[in-house]
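According to our numbering, the sequence shown holds residues 4 to 191 in order.
No residue lacks a Cβ here, since even glycine has one placed at the ideal position from N, Cα and C.
Report on the structure given below.
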Amino acid sequence: MEPAALSDNHLMLQVKEGKTACLGLLFERHHKPLYAFFYRLTRDAELSEDLTQTVFYRMLRYRHTFLGKGAFTAWMFHMARNILADHWRKNKREGQRDGLAEVENSLQNSYTPATDREEEVGLLQKALERMSAEKRELLELSKFQGLKYKDIADMLNSTENTIRVKVFRAIQELKSLYAQLDEEVQHD
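The structure is reproduced here in structure tokens:
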């Protein structure tokens, strides 16, 4: 069977058995979504690259923990989430993130997007920044990364229904924040 046709689970099981070259295919398939996950949550390109590399390093180091029963992407994003949490804990990143968001907000407020689409994206990013890290993460995993509610529930040690409700509420909050920001822009 052609390596490109193999499932992610099969490739990771091959890595687990010592065929570490298969990790290269997994990297090709998943480094961009992982980078996007980290970048949306940190807004730091260099840090996002470092964290993405750390995920693949840990996949190799902890390949024995992959059982192949659930979705590979759920296992991968669970690892990514833990790596990000470790980073924030080690660097007391939470406080730094709030300050960074304020700087970005002031920069974005001084910039007038050239098109309505750019303005909408800017408003959406601002709305996301105003949400809690937990809600942003749920939206990132479910909407941007396309993980199934069941996989997210397994990853977060929760139930599928709880995740479904939390994602619904996060979307409602995002819509509300977006509408508020849009109204503020209309009045300026």
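Three-state secondary structure (DSSP) of residue i
i: Ala-117; result: Residue confidence for Ala-117 is low, a pLDDT of 41 falling below 50, so the modelled location carries little weight; the figure read from the coordinates is stated next. Of the three classes helix, strand and coil, the one that applies to Ala-117 here is coil, per DSSP.
i: Arg-100; result: Note that Arg-100 scores a pLDDT of 46, beneath 50, so its modelled location is shaky and nothing firm can be said.
i: Met-134; result: coil
i: Asp-47; result: coil
i: Phe-41; result: helix
i: Lys-93; result: helix
i: Tyr-65; result: coil
i: Gly-27; result: helix
i: Glu-105; result: Legend: pLDDT at Glu-105 = 43, less than 50; position of this residue unreliable, value from coordinates given subsequently. Of the three classes helix, strand and coil, the one that applies to Glu-105 here is helix, per DSSP.
i: Lys-22; result: coil
i: Leu-70; result: coil
i: Gln-148; result: coil
Pair within 7 Å by beta-carbon distance, residue i and residue j
i: Leu-26; j: Val-18; result: yes
i: Ser-145; j: Val-168; result: no
i: Asp-185; j: Leu-142; result: no
i: Leu-14; j: Leu-28; result: yes
i: Phe-273; j: Phe-59; result: Because the chain spans 4 through 191 in this model, residue 273 falls outside it and cannot be assessed.
i: Met-79; j: Arg-61; result: no
i: Ala-173; j: Lys-138; result: yes
Span of the alpha helix (DSSP H), counted from its first residue to its last, around residue i
i: Thr-165; result: 163-190
i: Gln-17; result: 11-19
i: Ala-8; result: Note, Ala-8: premise wrong, no alpha helix (DSSP H); not H, not E.
i: Ala-156; result: 152-158
Across the stretch 130-144 and the stretch 53-72, are there enough close Cβ pairs to call them in contact, namely three or more that are closer than 8 Å?
no
Is the stretch 151-168 close to the stretch 70-87, with three or more CB pairs under 8 Å?
The stretch 151-168, when compared against the stretch 70-87, does touch it at the 8 Å Cβ threshold.
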